[in-house]
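Novice: First, the structure itself, so that you have it in front of you.
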Amino acid sequence: MPAIAPPPQAGTSIELHADEQGHYRVEGKINGHPAIFLVDTGASSVVISRRFAQEAGIYHCTPGKRSETANGQVDVCTATGVPIVLGQFQFEDTEISIVPNMAVDALLGMSVLRRIEIRQANGVMHLTIR
9 MPAIAPPPQA GTSIELHADE QGHYRVEGKI NGHPAIFLVD TGASSVVISR RFAQEAGIYH
69 CTPGKRSETA NGQVDVCTAT GVPIVLGQFQ FEDTEISIVP NMAVDALLGM SVLRRIEIRQ
129 ANGVMHLTIR
């Protein structure tokens, strides 16, 4: 049985640097599956594609929502209780929106970001556990 890592202490921080387009990305895991998250403070939840959900072993979700995205309205299926890891940060009870298609692995939205202090200046973003 693998050892359970202790939760990060308040003040633990991840430093991200903006890419050429000014976007911030962070490596992590969704349901134990490696992912590159695009930080998106405009997304209300973590968002992944149906393909990525299947790769990560997320087969059950609740359909019936429509959501407005940058590419128009899409049908959304919601999965709850999905574990997410970002560096030393672990979130065990996360809501994830599953959409038909996306160009990136995952959007890191406010269902996780609201639990973290965010500071950004001069192309550097700090995500800190409160």
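Using our numbering, you'd call the opening residue of the sequence shown number 9 and step up by one each time. C-beta: ideal position from N, C-alpha, C; glycine also.
1. Within this structure, are the beta carbons of GLN96 and THR20 separated by less than 8 Å?
2. Just to confirm my understanding: we take HIS68, look at its own chain, exclude 5 residues before and 5 after, and list those with CB closer than 8 Å. What are they?
3. Cβ atoms of ILE22 and LEU94: under 8 Å apart, would you say?
4. According to DSSP, is SER119 part of a helix, a strand, or is it coil?
5. Is the number of C-beta pairs between the region 50 to 69 and the region 125 to 136 that are closer than 8 Å three or more?
6. Give the range of the beta strand (DSSP E) segment to which ARG127 is assigned.
7. For LEU24 and GLY117, I'd like the C-alpha separation in whole angstroms.
8. Between which two residues does the beta strand (DSSP E) containing ARG33 stretch?
9. Taking CB distances under 8 Å as the criterion, tell me whether GLY65 reaches chain D.
Specialist: For this structure:
1. For the pair GLN96 and THR20, the CB atoms are nearer than the 8 Å cut-off.
2. So the qualifying residues of the chain are ALA87.
3. Here LEU94 is near ILE22, since their CB atoms are less than 8 Å apart.
4. Per DSSP, reduced to three states, the secondary structure at SER119 is helical.
5. No, the region 50 to 69 does not touch the region 125 to 136.
6. Where ARG127 is concerned, the enclosing beta strand (DSSP E) stretches over 124 to 129.
7. The alpha-carbon atoms of LEU24 and GLY117 are separated by roughly 16 Å.
8. Looking at the DSSP string, the run of the beta strand (DSSP E) that includes ARG33 is 33 to 38.
9. No chain D appears in the structure shown, which is made up of a single protein chain.
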